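Chains as they are written, first to last, in this note's numbering: chain F, 7 to 200; chain G, 42 to 236.
Below you'll find the structure, written out as structure tokens, and then a few comments.
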Amino acid sequence: MPEAPTGVVCDDETLVQLARGGDRPACEELFRRHRDAAYRVAFRMLGHHDDALDAVQEGFIKAIGHLEDFGGRSGFRTWLLRIVHNAAIDAGRKRKRMPSLGIGDEEHNPIEPACEDDPARGLNRADLRRILDGALNRLSPKTRMTFILFAEENLSYKEIAEIQDVPIGTVMSRLSYARHKLQSYLDLDAIDEL
Amino acid sequence: MRCVDVTRELSAPTGDRQSSALAQHLAACPQCAAWAARDMKLNQLWDATRPVEPSTEVWNEVWTEISARLDRPDVLPFREAPTIRPGRRILMITLGVAQAAAILLAVFFFTRAPGGPQPDATVHQPVRPVDGAPPSSVAQSDSDPLDIDPDGSLVVLRIEAPGKVEKTEVALNDNSGRVDSGFEMLNFLESAAKQ
Chain F
7 MPEAPTGVVC DDETLVQLAR GGDRPACEEL FRRHRDAAYR VAFRMLGHHD
57 DALDAVQEGF IKAIGHLEDF GGRSGFRTWL LRIVHNAAID AGRKRKRMPS
107 LGIGDEEHNP IEPACEDDPA RGLNRADLRR ILDGALNRLS PKTRMTFILF
157 AEENLSYKEI AEIQDVPIGT VMSRLSYARH KLQSYLDLDA IDEL
Chain G
42 MRCVDVTREL SAPTGDRQSS ALAQHLAACP QCAAWAARDM KLNQLWDATR
92 PVEPSTEVWN EVWTEISARL DRPDVLPFRE APTIRPGRRI LMITLGVAQA
142 AAILLAVFFF TRAPGGPQPD ATVHQPVRPV DGAPPSSVAQ SDSDPLDIDP
192 DGSLVVLRIE APGKVEKTEV ALNDNSGRVD SGFEMLNFLE SAAKQ
């Protein structure tokens, strides 16, 4: 288990209690533990490094500033990801610099080619990500976030339901819908090697 | 097992993915098998495009910014843990409002009660005779002079005969158990409200 800056091994709940009392090293330790997960989710959601960092920053500021609202029913990570999830959606709404990856309903987004003519040849990681981001962008933000939380963070249905404040059945329906849609948007048969 | 059940199980696993029924269906249904193969490629594509996490230096810069923002009270005050939780605060406010309402009701009914104070009413204090006469037999008149005994008691002087003066002590603080119930309730509610 990671150690807090004070040298004492603490779980998240203890760190939250310390942070509530204004213990800044405890806040930093919470940030250190969960920043990567928050970044991965925000990056998948926004598709841009700087935007993802901004969402993580805003998410942590809101989380640390409102620790008294953390009831402890779920884990701190789940609670934090819920805040980052909202921050990412807000950032996506405000963002103007990447119109091709703007957040919106799939019905209103421009439809990009499902895949390039020869997607399996000479595609590097950035190309693959661009293709996948294009497909993800055609999902609604809520469906996209459901899929991201499941595929990127391996969260349970229950955790995703808590983050998105929906029933577990809705989470499973969104996952099924997302996979069907992504398959239809991506020419996966044409991709030989990954 | 139906095709829709298979794709649903593959999309949002419930733990039955390795069931024999699922495997049998995939072996016998080319359409579902192709769907499962594409789903596997989607997972591979996802794994191949996982974001590169920022370096420690980048994270240090982010934390410095977060810490600076937290120190700015105009942006977001770093609040201490509240001593009163929101639920308890609501309960206290509700109790306070209920107490205030009870006080108002008590005052209202007290003033409207038949035995309650009237605008022109005066409070009659019982008179206890000093010399043993029963209180009811003492007829205090407006002309009777008042005096204060050396012990501080207020007395009514009544001249029964030349050289014989009867002193009747006026017990201002003695209600003889006739404290009005309305006042008692009022005092109780006020005491409770102060606690």
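Each residue gets a CB set at the ideal place from its N, CA and C atoms; glycine is no exception.
Keep in mind it's a predicted model, so treat the numbers as computed, not measured.
For residue i, the three-state DSSP class (helix, strand or coil)
i        : result
G/Asp188 : strand
G/Ile131 : helix
G/Thr105 : helix
G/Arg91  : coil
F/Arg144 : coil
G/Leu195 : strand
G/Ala202 : strand
F/Val172 : coil
G/Thr55  : coil
Within chain G, partners of residue i - CB distance below 7 Å
i        : result
F/Gly178 : For the record, residue 178 of chain F in the displayed sequence is Met; it is not Gly. In chain order: Ala53.
F/Ile67  : Ile107, Arg110, Leu111 and Leu117
F/Arg79  : Neighbours of F/Arg79 on chain G: none; closest Cβ ~15 Å, over 7 Å.
F/Arg99  : Under the 7 Å cutoff, chain G gives no residues; its nearest Cβ is about 21 Å from F/Arg99.
F/Phe49  : Pro92
Within chain F, the residues that residue i reaches when beta carbons sit closer than 8 Å
i       : result
G/Glu94 : Asp42, Tyr45 and Arg46
G/Leu83 : Arg185, Leu188, Gln189, Leu192 and Leu194
Test: residue i CB closer than 8 Å to a CB of chain G
i        : result
F/Leu52  : no
F/Gln189 : yes
F/Arg131 : yes
F/Glu34  : yes
F/Leu181 : yes
F/Cys16  : no
F/Ala157 : yes
F/Arg30  : yes
F/Leu59  : yes
Proximity test, residue i beta-carbon vs the ligand SAM heavy atom, cut-off 7 Å
i        : result
G/Ala143 : Absence of the ligand SAM from the depicted structure is noted, as is the absence of any ligand whatsoever, leaving it without description.
Short CB-CB distance (under 8 Å) between residue i and chain F
i        : result
G/Ile107 : yes
G/Asp23  : Since the first residue of chain G shown is 42 and the last is 236, residue 23 of chain G is not available in this structure.
G/Arg110 : yes
G/Pro113 : For clarity, residue 113 of chain G is Arg in the given sequence; the question names Pro instead. No, its Cβ sits nowhere closer than 8 Å to a Cβ of chain F.
G/Leu86  : yes
Cutoff 6 Å; reference residue i; Cβ partners in own chain excluding five residues on either side
i        : result
F/Leu6   : The structure shown has nothing for residue 6 of chain F, since chain F only spans 7 to 200.
G/Pro186 : Leu198
G/Asp188 : Val196 and Leu198
F/Gln23  : none
Residues near residue i by beta carbon distance below 7 Å, same chain, minus five either side
i        : result
F/Thr149 : Arg180, Tyr183 and Ala184
G/Gln72  : Cys44
F/Ile166 : Thr152, Leu155, Phe156 and Val177
F/Ala61  : Ala48, Leu52, Val90, Ala93, Ala94 and Ala97
F/Met64  : Reading off the sequence, residue 64 of chain F comes out as Glu, not Met. Taken in chain order, the residues that qualify are Ala93.
F/Asp133 : none
Partner residues on chain F for residue i, Cβ-Cβ distance less than 9 Å
i        : result
G/Thr152 : Chain F residues near G/Thr152: none, gap ~45 Å exceeds 9 Å.
8 Å Cβ cut-off: residues of chain G touching residue i
i        : result
F/Val62  : Val103
F/Leu215 : Residue 215 of chain F lies beyond the stretch modelled for chain F, which goes from 7 to 200, so this question has no answer here.
F/Phe2   : With chain F running from 7 to 200 in the structure shown, residue 2 of chain F is simply not present.
Within chain F, the residues that residue i reaches when beta carbons sit closer than 7 Å
i       : result
G/Arg79 : Gln189, Leu194 and Asp195
G/Arg49 : Ser182
Per-residue contacts from residue i into chain G (C-beta, under 9 Å)
i       : result
F/Phe82 : In chain order: nothing, as chain G lies at least about 16 Å away.
Contacting residues, own chain, Cβ-Cβ under 8 Å from residue i (five flanking each side not counted)
i        : result
F/Glu159 : Ala43, Arg46, Val47 and Leu87
Those runs of the beta strand (DSSP E) which lie wholly inside the segment 36 to 97 of chain F and span at least 3 residues: Fully enclosed beta strand (DSSP E) runs of 3 or longer: not present.
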